[in-house]
Amino acid sequence: MNRTRTRSLGRGRSALTVLVAVVVTVVGVLLGCAPTVSRSADEKPRAAPVPTSASVPPPAPAPAPTPVPRPRTAELDIPSIGVRDLRVVPYEGTTDDPAGTRIQDRGVAASPYGKRGGVGPGDIGNYLVTAHRLSAGGPLRDLPAVDVGDRVFVTAGREVYEYRITETRTTSFRSARSLAEQRAAVPGAPGDKPTRAVITLSTCATPEDNAAGNYWRDAQGNPEHRIDKIGVLVAVRPA
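Add 49 to the 1-based position in the sequence shown for this note's numbering, that's all there is to it.
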């Protein structure tokens, strides 16, 4: 009798346990909760998968540097000293470097542009124009005579840019600071942001240096000093 009763109680408890488990599962589903999965003490959690090189996207390529647009070839007129239709050839470089000197040796003017200074005709910044004073026909032989207020005209494409001379500067090829001031976007102020279009007309001071007993020359044969005439853009008109 007692054994029968014990078996009945065991079966009743088992059925009750199953019923409770079913109820918990149903409630969990209704509430959106997943049932907890029990692990044995010896069972270890699975490690997260290690990404392989095939699953890692390659880094994006660095953008290519934007090329500096080449300014237009131009013609220079300085009425006060009789300069007419002097061809100005742009090149990527800096004032009076080997490439610029080769252009000047052809009897024309050279205009550097690019990362080391220089812009095109009428552009915001410093439009640098260099030419020989004594050799190759001496197209800028009389540049020292240009005075404040004199007009300079640059024809490029279908436009004429009129500049007015505002000052004279002297550049020393033996001074990094002096060269930086000549080539700066704002003449005389390296690092300043330009807000207007200016022109720098530059030629050698060979007679003046020789008269002072200064016979120093650089690798291109340039004397120490350059004479620079600075002008600002005052008008633009159709050619």
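Positions of the beta carbon are idealized from the N, C-alpha and C atoms, including for glycine. These figures come from a predicted structure and were not determined experimentally.
Could you tell me the distance, in whole angstroms, from the CA atom of residue i to the CA atom of residue j?
i, j, result
"residue 268", "residue 139", "21 Å"
"residue 169", "residue 201", "15 Å"
"residue 283", "residue 109", "46 Å"
"residue 253", "residue 242", "28 Å"
"residue 133", "residue 265", "32 Å"
"residue 274", "residue 228", "10 Å"
"residue 173", "residue 165", "15 Å"
"residue 155", "residue 122", "15 Å"
"residue 167", "residue 277", "14 Å"
"residue 234", "residue 194", "25 Å"
"residue 176", "residue 131", "21 Å"
Excluding five sequence neighbours on each side, which residues of the same chain lie with their C-beta closer than 8 Å to the C-beta of residue i?
i, result
"residue 230", "218, 220, 236, 237, 238, 239"
"residue 196", "129, 214"
"residue 286", "208, 209, 211"
"residue 149", "140, 142, 143, 159, 161, 179"
"residue 90", "Note on residue 90: pLDDT 49, under 50, position unreliable in the model; the coordinate value appears next. The answer is none, since no qualifying residue turns up."
Exposed or buried, what is residue i when buried is set at 16 or more other beta-carbons lying within 10 Å of its beta-carbon?
i, result
"residue 259", "exposed"
"residue 183", "exposed"
"residue 224", "exposed"
"residue 244", "exposed"
"residue 118", "exposed"
"residue 280", "buried"
"residue 232", "buried"
"residue 106", "exposed"
"residue 256", "exposed"
"residue 188", "buried"
"residue 246", "buried"
Give the secondary structure of residue i by DSSP, where H, G and I count as helix, E and B as strand, and everything else as coil.
i, result
"residue 127", "strand"
"residue 161", "strand"
"residue 258", "helix"
"residue 184", "coil"
"residue 205", "strand"
"residue 232", "helix"
"residue 109", "coil"
"residue 272", "coil"
Assuming residue i contacts residue j (C-beta within less than 8 Å), just tell me the rounded distance between them.
i, j, result
"residue 271", "residue 145", "5 Å"
"residue 249", "residue 124", "Between residue 124 and residue 249 the Cβ distance is about 17 Å, and since that is not below 8 Å, they are no contact."
"residue 302", "residue 179", "Since the first and last residues shown for the chain are 50 and 288, residue 302 lies out of range."
Considering only residues of the same chain and omitting the five flanking positions on each side of residue i, which have a CB-CB separation below 6 Å?
i, result
"residue 190", "182"
"residue 251", "179, 275, 277"
"residue 120", "139, 162, 169"
Near residue i, which residues of its chain fall below 7 Å by C-beta distance, leaving aside the five closest residues on each side in sequence?
i, result
"residue 153", "159, 179, 180, 181, 185"
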